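>
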Amino acid sequence: MERLSPARVQGKICKPNLELFPEKRTSVRGKFTQNNISLYLQDCVQGMKGRIKDKEIDVVVTSPPYNLGINYSQYDDRISRKEYLDWAKVWVKEVARVLSDDGSFFLNISGKPSDPWGPFEVLSIIRNYFCLQNTIHWIKAISIKKNGDFDSFGHYKPVNSDRFLNDCHEYIFHLTKECNVKLDRTAIGVPYQDKSNVKRWKIAKNDVRCRGNTWFIPYKTIQSSAKERPHPATFPVELAEMCIKVHGLKNTKKAMDPFLGIGNAALAAMKLNIPFVGFEIDKEYFEISHRNIEKANAEVS
Ligand SMILES: C[S@@+](CC[C@H](N)C(=O)[O-])C[C@H]1O[C@@H](n2cnc3c(N)ncnc32)[C@H](O)[C@@H]1O
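The structure is reproduced here in structure tokens:
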């Protein structure tokens, strides 16, 4: 019988319990809906199984726990590699079931310099269900030499080592069923540097070109992480926004993040007017995601 992903108990550190079976689980513990955004306080595998029809989702943008020992308020991010990969098999299979045939699954994941294989081990599971259409590098910090001087942009956590370089990027694997999904490349395009191309090339007439697979998306500078980023492993709203846009707004009837965190993918979907569903097992993060949606909604209305 198929095993499910971790069940969680409020207030306790939650280790995956791969022995739990669907029929033993209690279902909904919380739901939040606003403007076509539905968020559930629920294990994502249980949630997808119970709530999402086959092929209902066009874009999945997500960042699962990386099993690198991050201190989440409930989830235990220090399980054995075997347990972690067994669990990945279960949730990836569900993502494959709910994604439409011409849908896009954007998986943000990273290793760390001393433990770099995790993303590729997860990919080796994923390749049983998906084709790797694009590998995007989320660049968090970069130094650029212009006119002889260096300018540095973005933030990174320095690595204290004489063996490893500072880690300034994460992966965004763009996975599709057959590697044949047409993208809206110029939806996140950039202007040509050499404007003579705009005159010369028909394709360049709007002065916008594909930006390529290196996406510089810095974290915002914040004063207080407790108040402004009360979660240890978020991605910027802009990252999710770019993923949905490059898949194509016209081709996106519904988006999903199975590992919602504090709701940054939900905020992106709301901004783009795309119906969205998300799951999160941690009550604290789940409640912050509501507040973020409510706040963003109040700001636009
Ligand atoms: C890397 S974080 C995602 C952060 C999110 N992208 C954001 O920007 O806020 C992974 C999240 O997955 C949640 N999580 C872990 N196991 C889960 C499960 N089985 N179902 C749903 N959420 C889970 C964790 O509590 C954590 O908040």
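For the record, in the sequence shown the residue sitting at position 103 is 97 according to my numbering, with numbers rising by one throughout.
The beta-carbon is built from N, C-alpha and C at its ideal position, and this holds for glycine as well.
Computed from a prediction, not measured in an experiment: that's the story for all the values here.
#1: May I ask you to check if the CB of A262 is nearer than 7 Å to at least one heavy atom of ligand 1?
#2: So what's L254 in DSSP terms, helix, strand or just coil?
#3: Can you list, in chain order, the residues of its chain whose CB lies under 7 Å from that of D276, leaving out five sequence neighbours each side?
#4: Looking at ligand 1, does it come within less than 7 Å of N258, judged from the CB to the closest heavy atom?
#5: With respect to 7 Å, is the separation between the Cβ of A82 and the closest non-hydrogen atom of ligand 1 below this value?
#6: Does the Cβ-Cβ distance between I182 and R203 come in under 8 Å?
#7: Can S57 be considered in contact with ligand 2, in the sense that its beta carbon sits closer than 7 Å to one or more heavy atoms?
#8: Decide if N61 is buried, meaning its Cβ has at least 16 other Cβ atoms within 10 Å, or exposed.
#9: Relative to ligand 1, is the shortest distance from any of its heavy atoms to the C-beta of P299 smaller than 7 Å?
#10: Taking 8 Å as the threshold, find out whether the stretch 246 to 263 comes into contact with the stretch 182 to 192 through three or more Cβ pairs.
#11: Thinking just about the alpha-carbon of each residue, which of F99, L33, V84 is nearest to the one in T56?
#12: Going along the chain, which residues of its own chain have a beta-carbon closer than 6 Å to the beta-carbon of P58, five neighbours each way excluded?
#13: Does the distance from the CB of V271 to the CB of I64 come in under 8 Å?
#14: At the level of alpha carbons, what is the spacing between R72 and L93?
#15: From what residue to what residue does the beta strand (DSSP E) around S137 run?
#16: Buried or exposed, going by whether 16 or more other CB atoms sit within 10 Å of the CB of H284?
#17: Which whole-angstrom value is the C-beta distance of I136 and F210, which I expect to be below 8 Å?
#18: So what's S295 in DSSP terms, helix, strand or just coil?
#19: Using only alpha-carbon positions, find the residue among V116, K151, E88, F147 that is nearest to G41.
#20: By a C-beta neighbour count over all protein chains shown, 10 Å radius and 16 as the cutoff for buried, is S108 buried or exposed?
#21: Taking the alpha-carbon positions, what's the W111 to K196 distance?
#22: Rounded to whole angstroms, what is the Cα-Cα separation between K176 and N128?
#23: Whose C-beta lies closer than 8 Å to the C-beta of N291 among residues of the same chain, with five residues either side of it excluded?
#24: Might you give, ordered along the chain, the residues of its own chain that have their beta carbon closer than 8 Å to the beta carbon of L159, omitting 5 neighbours on each side?
#25: Smallest Cα separation from E278: which of I256, V54, Y78, S295?
#26: Going by the C-beta, is A290 closer than 7 Å to any heavy atom of ligand 1?
#27: Would you identify the three-state DSSP class for H225, choosing helix, strand or coil?
#28: Between the Cα of K134 and the Cα atoms of I287, E172, V116, K151, which residue gives the shortest distance?
#29: Here's a check: name, in chain order, each residue in its chain whose Cβ is nearer than 8 Å to the Cβ of A198, leaving out the five neighbours to either side.
#30: Would you mind working out which of H168, D143, F26 sits nearest L233, comparing C-alpha positions?
#31: Go through its chain and collect everything with a Cβ distance to R19's Cβ below 6 Å, but skip five positions before and after it.
To lay it out plainly:
#1: For the purposes of this step, residue 262 is taken as residue 268 along the sequence shown, with counting starting at 1. A262 Cβ: outside cutoff for every heavy atom of ligand 1.
#2: Residue mapping note: residue 254 aligns to position 260 of the sequence shown, counting from 1. Correct three-state label for L254: coil.
#3: Within the sequence shown, numbered from 1, the residue matching residue 276 stands at position 282. The residues are Y66, S67, Q68, Y69.
#4: Working through the sequence shown from its first residue, we reach residue 258 at position 264. Yes, Cβ of N258 sits closer than 7 Å to a heavy atom of ligand 1.
#5: Along the sequence shown, read from residue 1 onward, the residue named residue 82 stands at position 88. A82 Cβ: outside cutoff for every heavy atom of ligand 1.
#6: Counted from its first residue, the sequence shown places residue 182 at position 188. Counted from its first residue, the sequence shown places residue 203 at position 209. Cβ distance not < 8 Å, so I182 and R203 don't count as in contact.
#7: What this structure holds is ligand 1, not ligand 2.
#8: Taking the sequence shown and counting its residues from 1, one reaches residue 61 at position 67. By the 10 Å Cβ count, N61 comes out buried.
#9: As shown, the chain starts at -5 and ends at 295. That puts residue 299 outside it, with no answer to give.
#10: no
#11: Translated into the one-based positions of the sequence shown, residue 56 becomes position 62. Closest option to T56, Cα to Cα, is F99.
#12: Here residue 58 is taken as the residue at index 64 of the sequence shown, counted from 1. Taken in chain order, the residues that qualify are F253.
#13: Here residue 271 refers to the residue found at position 277 of the sequence shown. Here residue 64 refers to the residue found at position 70 of the sequence shown. No, Cβ-Cβ distance for V271 and I64 is not below 8 Å.
#14: In the sequence shown, the residue the question calls residue 72 occupies position 78. In the sequence shown, the residue the question calls residue 93 occupies position 99. Taking the straight line from one Cα to the other gives about 29 Å.
#15: Translated into positions along the sequence shown, residue 137 becomes position 143. Run containing S137: 135 to 140, per the beta strand (DSSP E) assignment.
#16: For the purposes of this step, residue 284 is taken as residue 290 along the sequence shown, with counting starting at 1. Flag for H284 reads buried.
#17: Taking the sequence shown and counting its residues from 1, the one referred to as residue 136 is at position 142. Taking the sequence shown and counting its residues from 1, the one referred to as residue 210 is at position 216. Yes, I136 and F210 are in contact; Cβ-Cβ is about 6 Å, under 8 Å.
#18: Taking the first residue of the sequence shown as position 1, residue 295 is located at position 301. Reduced to three states, the DSSP call for S295 is coil.
#19: Position 47 of the sequence shown holds residue 41. For the residues V116, K151, E88, F147, the minimum Cα distance to G41 belongs to E88.
#20: As a working mapping, residue 108 is identified with position 114 in the sequence shown. Exposed.
#21: Along the sequence shown, read from residue 1 onward, the residue named residue 111 stands at position 117. Along the sequence shown, read from residue 1 onward, the residue named residue 196 stands at position 202. Cα-Cα distance, rounded: 43 Å.
#22: Taking the first residue of the sequence shown as 1, we reach residue 176 at position 182. Taking the first residue of the sequence shown as 1, we reach residue 128 at position 134. Cα to Cα, the separation comes out at about 12 Å.
#23: For this step, residue 291 is matched to residue 297 along the sequence shown. Counting only Cβ-Cβ distances below 8 Å, and skipping sequence neighbours, we find Q28, N29, M264.
#24: By one-based count along the sequence shown, residue 159 stands at place 165. Excluding positions up to five away in sequence, the list reads P107, V153.
#25: Taking the first residue of the sequence shown as position 1, residue 278 is located at position 284. For E278, the nearest C-alpha among the options comes from I256.
#26: Residue mapping note: residue 290 aligns to position 296 of the sequence shown, counting from 1. No, the beta carbon of A290 sits no closer than 7 Å to any heavy atom of ligand 1.
#27: As a first step, residue 225 must be located in the sequence shown, where it is residue number 231. Three-state result, H225: coil.
#28: As a working note, residue 134 is residue 140 in the sequence shown. The shortest C-alpha separation from K134 is found at K151.
#29: Counting from one through the sequence shown, the residue named residue 198 turns up at place 204. For A198, where only same-chain residues beyond five positions count, the Cβ hits under 8 Å are Y186, N191, V192.
#30: Mapped onto the sequence shown, residue 233 falls at position 239. Closest by alpha carbon: H168.
#31: Translated into the one-based positions of the sequence shown, residue 19 becomes position 25. For R19, the predicted structure reports a pLDDT of 31, less than 50, and the residue's modelled location is therefore unreliable. A value from the coordinates is still provided. Q40.
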